[in-house]
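Asker: Using the working numbering, the first residue of the sequence shown is number 6, and each one after it goes up by one.
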Amino acid sequence: MILLDGKKTSLEIQAEIAEEVKVLKANKGKTPHLAAILVGNDGASQTYVNAKVKACEHVGFQSSLFRYPEDFSEKDLLAKIDALNQDDSIDGFIVQLPLPKHIDVDKVIEQIHPDKDVDGFHPANVGKLVKNFPTYISATPFGIIKLLEHYKIETSGKHCVVIGRSQIVGLPMSILMGRNTYPGNCTVTLCHSRTQNIAEITRQADIIIVALGVPEFLKEDMVKEGAVVIDVGITRIDDPSKARGYRLVGDVDFEKVAPKSSYITPVPGGVGPMTITSLLCNTLLASQKK
Ligand code: NAP
6 MILLDGKKTS
16 LEIQAEIAEE
26 VKVLKANKGK
36 TPHLAAILVG
46 NDGASQTYVN
56 AKVKACEHVG
66 FQSSLFRYPE
76 DFSEKDLLAK
86 IDALNQDDSI
96 DGFIVQLPLP
106 KHIDVDKVIE
116 QIHPDKDVDG
126 FHPANVGKLV
136 KNFPTYISAT
146 PFGIIKLLEH
156 YKIETSGKHC
166 VVIGRSQIVG
176 LPMSILMGRN
186 TYPGNCTVTL
196 CHSRTQNIAE
206 ITRQADIIIV
216 ALGVPEFLKE
226 DMVKEGAVVI
236 DVGITRIDDP
246 SKARGYRLVG
256 DVDFEKVAPK
266 SSYITPVPGG
276 VGPMTITSLL
286 CNTLLASQKK
């Protein structure tokens, strides 16, 4: 079993990004600038946004964080997005999800200018992804693609089972794995909460990408010997023995599944850092395109 070390891989890619930032600064006097909007007080969202800001500093990007209270109105949020769309000093920006319930997420995503949508969530960018045109690929699936590439994992002709069909992870992941390119060329099965006999399907998988948000959902008896296992799930479980009061648990029963797999991502330290690094890649691209 080989551990797919997202932390180490991320740092290597971030070192390459930092070099490109130096070139951009020297040649064009430009520093890539990522902005983030955070609405509300969700603990996990705050942690993710802080990690993104820290990563920006690490590679030499400029970053701006706009924080608003839980009761921030949809109208004001859309107005802020408009302002960022028009702000030439900002190359790309994200609206951290989830948003409070009174805000329509689809409306918010559609308001972001596709050229600045470095999360790759805008319908125009999703359409380009489906057409296999160059675009901002949604950060988590992009990170997984980069990890597969980094470890030179063979994907052609393999059966890839994706569990979870969310707009930001499972669905784009399934499209990417089915593309006529590397990594890709898989036969893809997309599973969700209505899928019958999920274990029978996962047992046939050469590659399993698990993104449903149910801690330790994927058990040893659901995995065939030698499968590649990518765990996207991150759930905070209360744990008084930890200084911060919780621990992070993935969607895979790591202890039992790891010995059966050929490659596997840990949680934390697998997909999470790759997601952040992919966001940096998209921001660098946005900056270079301008
Ligand atoms: P989501 O929007 O809640 O979607 C969950 C998906 O899983 C849905 O398609 C749902 O099916 C499916 N599902 C739920 N229970 C199921 C079950 N028992 N059997 C089969 N399918 C089931 O979640 P998400 O945003 O994709 O996130 C998934 C997990 O990844 C979460 O733990 C999240 O925190 C984590 N995440 C991690 C990163 C990272 O960087 N590592 C990034 C994003 C998300 P239906 O469509 O039928 O409801």
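Ideal placement from N, C-alpha and C gives every residue a C-beta, glycine not left out.
In chain order, what residues of the same chain lie with their CB nearer than 6 Å to the CB of residue 100, ignoring the 5 residues before and after it?
Answerer: For the purposes of this step, residue 100 is taken as residue 95 along the sequence shown, with counting starting at 1. If we look at residue 100 and ignore the five residues flanking it on each side, its Cβ neighbours are 42 and 113.
Asker: Which ranges would you report for the beta strand (DSSP E) in the stretch 234 to 282 if only whole runs of at least 3 residues count?
Answerer: 240 to 243 and 251 to 254
Asker: Taking Cβ to Cβ, would you say residue 255 is nearer than 8 Å to residue 281?
Answerer: On the sequence shown, position 250 is the one that residue 255 refers to. On the sequence shown, position 276 is the one that residue 281 refers to. No. Outside cutoff.
Asker: Please look up how many angstroms separate the CB atoms of residue 134 and residue 180, rounded, as I've assumed it's under 8 Å.
Answerer: Against the sequence shown, residue 134 aligns to sequence position 129. Against the sequence shown, residue 180 aligns to sequence position 175. The Cβ separation is near 6 Å, so the contact holds.
Asker: Whole angstroms is fine: what's the gap from residue 132's alpha carbon to residue 168's?
Answerer: Taking the sequence shown and counting its residues from 1, the one referred to as residue 132 is at position 127. Taking the sequence shown and counting its residues from 1, the one referred to as residue 168 is at position 163. The straight-line gap from Cα to Cα measures roughly 22 Å.
Asker: Is it the case that the CB of residue 286 approaches a heavy atom of ligand 1 more closely than 7 Å?
Answerer: Against the sequence shown, residue 286 aligns to sequence position 281. For ligand 1, not one heavy atom lies less than 7 Å from the Cβ of residue 286.
Asker: Taking the alpha-carbon of residue 230 as reference, which of 251, 249, 207 and 294 has the nearest alpha-carbon?
Answerer: Working through the sequence shown from its first residue, we reach residue 230 at position 225. Taking only the C-alpha atoms, the option nearest residue 230 is 207.
Asker: Is residue 122 helix, strand or coil when you go by DSSP?
Answerer: To locate residue 122, count along the sequence shown from 1; it is residue 117. Here DSSP, grouped into helix, strand and coil, assigns residue 122 to strand.
Asker: What are the start and end residues of the alpha helix (DSSP H) that includes residue 194?
Answerer: As a first step, residue 194 must be located in the sequence shown, where it is residue number 189. Taken as a continuous stretch (DSSP letters only), residue 194 belongs to no alpha helix (DSSP H), being part of the beta strand (DSSP E) at 192 to 196.
Asker: Does ligand 1 have even one heavy atom less than 7 Å from the beta-carbon of residue 219?
Answerer: For the purposes of this step, residue 219 is taken as residue 214 along the sequence shown, with counting starting at 1. Within the chosen limit of 7 Å, ligand 1 reaches the beta carbon of residue 219 through at least one heavy atom.
Asker: Hey, would you say the C-beta of residue 125 is under 7 Å away from at least one heavy atom of ligand 1?
Answerer: What you label residue 125 is simply residue 120 of the sequence shown in a count that begins at 1. No, ligand 1 has no heavy atom inside 7 Å of this Cβ.
Asker: With a threshold of 7 Å (Cβ to nearest heavy atom), would residue 274 be considered close to ligand 1?
Answerer: Numbered from its first residue, the sequence shown carries residue 274 at position 269. No - ligand 1 has no heavy atom lying nearer than 7 Å to the Cβ of residue 274.
Asker: Mind checking residue 227: buried by the 16 CB within 10 Å criterion, or exposed?
Answerer: Here residue 227 is taken as the residue at index 222 of the sequence shown, counted from 1. Buried.
Asker: Thinking just about the alpha-carbon of each residue, which of 94, 213 and 130 is nearest to the one in residue 5?
Answerer: One cannot answer for residue 5 here, as it falls past the ends of the chain, which runs 6 to 295.
Asker: Runs of 4 residues minimum, wholly inside the stretch 112 to 174: which ones carry the alpha helix (DSSP H) assignment?
Answerer: 128 to 136 and 144 to 155
Asker: How big is the Cα-Cα spacing for residue 82 and residue 111?
Answerer: In the sequence shown, counting from the first residue as 1, residue 82 sits at position 77. In the sequence shown, counting from the first residue as 1, residue 111 sits at position 106. Computed Cα separation, rounded: 13 Å.
Asker: Any idea what DSSP makes of residue 68, helix, strand or coil?
Answerer: The residue given as residue 68 occupies position 63 in the sequence shown. Residue 68: strand per DSSP, three-state reduction.
Asker: Starting from residue 41, trace the beta strand (DSSP E) both ways and give me its first and last residue.
Answerer: Residue numbering aside, residue 41 sits at position 36 when the sequence shown is read from its first letter. If you look at residue 41, you'll find it in the beta strand (DSSP E) that goes 38 to 44.
Asker: Using the C-alpha atoms, what's the distance from residue 104 back to residue 285?
Answerer: What you label residue 285 is simply residue 280 of the sequence shown in a count that begins at 1. What you label residue 104 is simply residue 99 of the sequence shown in a count that begins at 1. Rounded to the nearest whole angstrom, the C-alpha separation of residue 285 and residue 104 is 22 Å.
Asker: Less than 7 Å separating the Cβ of residue 216 from some heavy atom of ligand 1?
Answerer: Translated into positions along the sequence shown, residue 216 becomes position 211. For ligand 1, at least one heavy atom lies less than 7 Å from the Cβ of residue 216.
Asker: What is the DSSP secondary structure of residue 181, reduced to helix, strand or coil?
Answerer: The residue you call residue 181 lines up with position 176 of the sequence shown. In this structure, residue 181 counts as helix in the three-state DSSP scheme.
Asker: Would you report the Cα separation of residue 199 and residue 210, rounded to the nearest angstrom?
Answerer: Taking the sequence shown and counting its residues from 1, one reaches residue 199 at position 194. Taking the sequence shown and counting its residues from 1, one reaches residue 210 at position 205. Cα to Cα, the separation comes out at about 19 Å.
Asker: Does the separation of the CB atoms of residue 96 and residue 288 fall below 8 Å?
Answerer: For the purposes of this step, residue 96 is taken as residue 91 along the sequence shown, with counting starting at 1. For the purposes of this step, residue 288 is taken as residue 283 along the sequence shown, with counting starting at 1. Yes.
Asker: Given a cut-off of 8 Å on the beta-carbon distance, is the pair residue 160 and residue 153 in contact?
Answerer: The residue labelled residue 160 in the question sits at position 155 within the sequence shown. The residue labelled residue 153 in the question sits at position 148 within the sequence shown. Their beta carbons are under 8 Å apart, which means residue 160 touches residue 153 by this criterion.
Asker: Tell me whether residue 88 is buried or exposed, calling it buried when 16 or more other Cβ atoms sit within 10 Å of its Cβ.
Answerer: Residue 88 sits at position 83 when you count from the first residue of the sequence shown. An exposed status is given to residue 88, since fewer than 16 other beta-carbon atoms sit within 10 Å of its beta-carbon.
Asker: How would you label residue 189, buried or exposed, when you count the other beta carbons within 10 angstroms and need 16 or more for buried?
Answerer: Position 184 of the sequence shown, counted from the start, is the residue given in the question as residue 189. Residue 189 should be labelled buried.
Asker: Since residue 223 sits in a beta bridge, which residues does DSSP pair it with?
Answerer: Looking up residue 223 in the sequence shown gives position 218. Partner(s): 257.
Asker: State the start and end residues of the unbroken beta strand (DSSP E) segment that holds residue 212.
Answerer: Residue numbering aside, residue 212 sits at position 207 when the sequence shown is read from its first letter. Element bounds for residue 212: 212 to 215.
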